[in-house]
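Enquirer:
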Amino acid sequence: MISVNEFKNGLTIEFNNDLWRIVEFQHVKPGKGSAFVRSKLKSLRTGAVQEYTFRSTAKVETAEISTRSMQYLYNDGSSYVFMDTETYEQLEVPNSQIDEEAKYLKENMIVNVISHNGETLGLDLPNTVDLEVVDTEPGIRGDTSSGGGKPATMETGLVVNVPFFINVGDVLTINTSDGSYVSRTK
1 MISVNEFKNG LTIEFNNDLW RIVEFQHVKP GKGSAFVRSK LKSLRTGAVQ
51 EYTFRSTAKV ETAEISTRSM QYLYNDGSSY VFMDTETYEQ LEVPNSQIDE
101 EAKYLKENMI VNVISHNGET LGLDLPNTVD LEVVDTEPGI RGDTSSGGGK
151 PATMETGLVV NVPFFINVGD VLTINTSDGS YVSRTK
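Sequential numbering of the sequence shown, starting at 1, is according to UniProt numbering.
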């Protein structure tokens, strides 16, 4: 058990019969009344983000989360198959469980698989991934003053808004936290 005054971003807690990761929190000390902690929590099972307010005297249970470095092998239609790089043990994760993260997965990519008491919760992706553009409108030279962009479909099916000079076949660095274009790789 820890006090809510010990919250840190990224800490995983057990609360309301679910596992939550603290996205952000704020200690509030109003001029009148007792202090409280306003927090934004993300469910590791459903991905839903909710806001909760805790009294400053409240205590919550920390969750023991384990991560294993695994290599993504393939998708068999109903699940994604990962292999432990040390024991060569394979793990199947249902498509519905990693819907968002799947948009960034490439075969042979190393990711961290998050689990709690043997239950697989999801993936911890690297901050950025390099993906190839498979479909976009032809590039327009010199049109940089407007600052706009165009949609581009990546090799994994992810659609990203990119600058006008990007062409089919370019390899782009994509931010996995918000799906935004970072840069073009050489």
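Note that the Cβ used here is the ideal one computed from N, Cα and C, for glycine as well.
What are the residues that DSSP puts in a beta bridge with Val111?
Expert: Partner(s): Met70.
Enquirer: Looking at C-beta atoms only, is the number of pairs between the segment 122-140 and the segment 148-168 that lie closer than 8 Å three or more?
Expert: yes
Enquirer: What is the residue span of the beta strand (DSSP E) that Gln26 lies within?
Expert: 18-28
Enquirer: Please report the residue range of the beta strand (DSSP E) in which Thr53 lies.
Expert: 49-55
Enquirer: Kindly give me the distance between the Cβ atoms of Val23 and Lys8, rounded to whole angstroms, as I take these residues to be in contact under 8 Å.
Expert: Going by Cβ atoms, the distance from Val23 to Lys8 rounds to 11 Å, so no, they are not a contact pair.
Enquirer: Residue range of the beta strand (DSSP E) that Leu41 falls in?
Expert: 36-43
Enquirer: Does DSSP put Ser177 in a helix, a strand or coil?
Expert: coil
Enquirer: Can you tell me which of Ile65, Met70, Tyr80, Tyr181 puts its alpha carbon nearest to the alpha carbon of Gly10?
Expert: Ile65
Enquirer: If you reduce the DSSP assignment to three classes, tell me which class Ser88 lands in.
Expert: In the sequence under discussion, the amino acid at residue 88 is Tyr, which differs from the Ser named in the question. Coil.
Enquirer: For Thr128 and Val182, which I take to be in contact (beta-carbon distance under 8 Å), what is that distance rounded to the nearest angstrom?
Expert: Contact flag correct, Cβ pair sits at about 6 Å.
Enquirer: On the three-state DSSP scale, how would you describe Asn167?
Expert: coil
Enquirer: CB-CB under 6 Å to Thr53, same chain, minus the five flanking residues each way: which ones, in chain order?
Expert: Phe36, Arg38
Enquirer: Roughly how many angstroms lie between the CA atoms of Lys40 and Ser177, to the nearest whole one?
Expert: 16 Å
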